[in-house]
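Reviewing the structure listed below.
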Ligand code: NAD
């Protein structure tokens, strides 16, 4: 059932067929900008996850047995199908997440670039050969697909996260059981339609929207046929999955929370830097794991930076995601607004000043709009150690580069960081000292299919994207062959 004015798939994809949940249950998907229900989607139960794993196990030998070229051709046909659906998927992303249409279009276009990159990588899976490694033998190493991959994705980039996981795993020759976030299942289902239409063998991709993520997740963790679980989401859920994977000694790839620091030196061109930091903080309404949360600005640049940054933030337009002039739509739901309001209140109680924003633009119980805001404080606060998953930046004045680096590194996270300096060499030297999986020097980070991405410390395990992202779904087998 949907209230949308275009047709969308709302059933589960299991064993190559679209079906209702085994329990007959459905759950509601709401548009965060209106609070209205846009669809009811089949609610996968543990039995559906079992069926998806069975189907994947049955289909895997055929998929693994295909030539690289044949796999590449199927992936290319799916990409062509996705191109035909680009507009529909962009609109679904707006309905499910509330992000502005331009950002949604950017996300699906980027997802296509990633799917295409991975389909090309399918042609280049590596192998190594050592002739006469010892006098009586040769050796070679083949990289085989790990097998069935359980993929769990978040709501903030509902197409892109699917592209990163499904694209890489299929390219590696794996089967995927995908559990999209309950807020954004329609985007995942629309993507899967293109793969079914492209002739992907039945069972190689299943999609299980569910209102019971733990129940479906448990099947992925407990079934021995599932070799790997790849997850993007909160650190708390990632920890639970890692613990749950221990019994089966499964490979677990985790892309978790971030709390990205920004170091701004005293020699910057403030106007240039402000634009980059605004982009790095407020894109996707600040709901991004790479978002620039904590700014540490050198005392000599602080007054100019805070003034210019406040002006730029006040110019951001919050509103209807379908309007071309909107920069920031709603957050994903009211709960996200309440969490940020609580973080702001606790920061102010600890001595922070709310310079601008941070208030609801509409006093309503159903739509989730929050003005972009800035907190400033004289020193690091406990709350600034938390990830603010929304449009609120914090700024702390640092005495010098050393103090800024120390504050930047004083975090349990290590996903992304940003450094701005008028002297690129000084910027690079600061970047060298920051403990993080990704650092942008004099630029906001963007995703590139060729570049590996992932976190250190509590931001995750493993790398996604790039060649490294495909290799995570392969395991090497070493074979020694005696010479006569
Ligand atoms: P979340 O952890 O609540 O949900 C993510 C996914 O996990 C969803 O599909 C959800 O249904 C599922 N899930 C929840 N509980 C589960 C369980 N017990 N078993 C199995 N699956 C379960 O996170 P969220 O609120 O959707 O996303 C926000 C968080 O994700 C932020 O912390 C953000 O930094 C992080 N994130 C990280 C990256 C990255 O690449 N590192 C990218 C995007 C988001």
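In my numbering, the protein residues as written are 589 to 1072. Glycine included, C-beta positions come from ideal geometry on N, C-alpha and C.
Once DSSP output is grouped into helix, strand and coil, what is the label at residue i?
{"i": "residue 684", "result": "helix"}
{"i": "residue 981", "result": "strand"}
{"i": "residue 1019", "result": "helix"}
{"i": "residue 740", "result": "strand"}
{"i": "residue 916", "result": "strand"}
{"i": "residue 943", "result": "strand"}
{"i": "residue 764", "result": "strand"}
{"i": "residue 961", "result": "strand"}
{"i": "residue 705", "result": "helix"}
{"i": "residue 621", "result": "coil"}
{"i": "residue 1038", "result": "coil"}
{"i": "residue 932", "result": "helix"}
{"i": "residue 1106", "result": "No statement about residue 1106 is possible, as the shown extent of the chain runs from 589 to 1072 and does not include it."}
{"i": "residue 955", "result": "coil"}
{"i": "residue 949", "result": "coil"}
{"i": "residue 834", "result": "coil"}
{"i": "residue 849", "result": "strand"}
{"i": "residue 878", "result": "coil"}
{"i": "residue 907", "result": "coil"}
{"i": "residue 899", "result": "helix"}
{"i": "residue 642", "result": "helix"}
Which residues does DSSP pair with residue i in a beta bridge?
{"i": "residue 886", "result": "986"}
{"i": "residue 718", "result": "727"}
{"i": "residue 816", "result": "737 and 839"}
{"i": "residue 1065", "result": "730"}
{"i": "residue 1074", "result": "In the structure displayed, the chain extends from 589 to 1072; residue 1074 sits before or after that span and is not available."}
{"i": "residue 1049", "result": "842"}
{"i": "residue 614", "result": "630"}
{"i": "residue 1100", "result": "Since the first residue of the chain shown is 589 and the last is 1072, residue 1100 is not available in this structure."}
{"i": "residue 1070", "result": "725"}
{"i": "residue 590", "result": "627"}
Using the beta-carbon count (16 or more within 10 Å), is residue i buried or exposed?
{"i": "residue 1065", "result": "exposed"}
{"i": "residue 1001", "result": "buried"}
{"i": "residue 1052", "result": "buried"}
{"i": "residue 988", "result": "exposed"}
{"i": "residue 605", "result": "exposed"}
{"i": "residue 926", "result": "exposed"}
{"i": "residue 711", "result": "exposed"}
{"i": "residue 589", "result": "exposed"}
{"i": "residue 909", "result": "buried"}
{"i": "residue 998", "result": "exposed"}
{"i": "residue 869", "result": "buried"}
{"i": "residue 827", "result": "exposed"}
{"i": "residue 746", "result": "buried"}
{"i": "residue 860", "result": "exposed"}
{"i": "residue 853", "result": "buried"}
{"i": "residue 955", "result": "buried"}
{"i": "residue 755", "result": "buried"}
{"i": "residue 831", "result": "exposed"}
{"i": "residue 619", "result": "buried"}
{"i": "residue 752", "result": "buried"}
{"i": "residue 773", "result": "buried"}
{"i": "residue 636", "result": "buried"}
{"i": "residue 695", "result": "buried"}
{"i": "residue 657", "result": "exposed"}
{"i": "residue 609", "result": "buried"}
{"i": "residue 649", "result": "exposed"}
Just to check my reading of the structure: residue i and residue j have Cβ atoms closer than 8 Å, yes? What is that Cβ distance to the nearest angstrom?
{"i": "residue 905", "j": "residue 914", "result": "5 Å"}
{"i": "residue 792", "j": "residue 644", "result": "7 Å"}
{"i": "residue 920", "j": "residue 771", "result": "6 Å"}
{"i": "residue 680", "j": "residue 775", "result": "5 Å"}
{"i": "residue 829", "j": "residue 805", "result": "7 Å"}
{"i": "residue 715", "j": "residue 730", "result": "5 Å"}
{"i": "residue 1047", "j": "residue 844", "result": "5 Å"}
{"i": "residue 996", "j": "residue 866", "result": "Not really, about 19 Å apart at Cβ, beyond 8 Å."}
Closest to residue i by CA distance: which of the options is it?
{"i": "residue 1068", "options": "703, 717 and 625", "result": "717"}
{"i": "residue 766", "options": "737, 665 and 745", "result": "737"}
{"i": "residue 1054", "options": "705, 683, 669 and 602", "result": "705"}
{"i": "residue 877", "options": "762, 1025 and 800", "result": "1025"}
{"i": "residue 917", "options": "688, 630, 677 and 655", "result": "688"}
{"i": "residue 945", "options": "963, 1010 and 956", "result": "963"}
{"i": "residue 599", "options": "817, 848 and 631", "result": "631"}
{"i": "residue 846", "options": "609, 623, 669 and 1003", "result": "1003"}
{"i": "residue 837", "options": "824, 813 and 850", "result": "813"}
{"i": "residue 961", "options": "882, 624, 769 and 721", "result": "882"}
{"i": "residue 1038", "options": "709, 959 and 652", "result": "709"}
{"i": "residue 622", "options": "819, 683 and 931", "result": "683"}
{"i": "residue 1006", "options": "990, 1032 and 994", "result": "1032"}
{"i": "residue 974", "options": "750, 848, 764 and 1035", "result": "848"}
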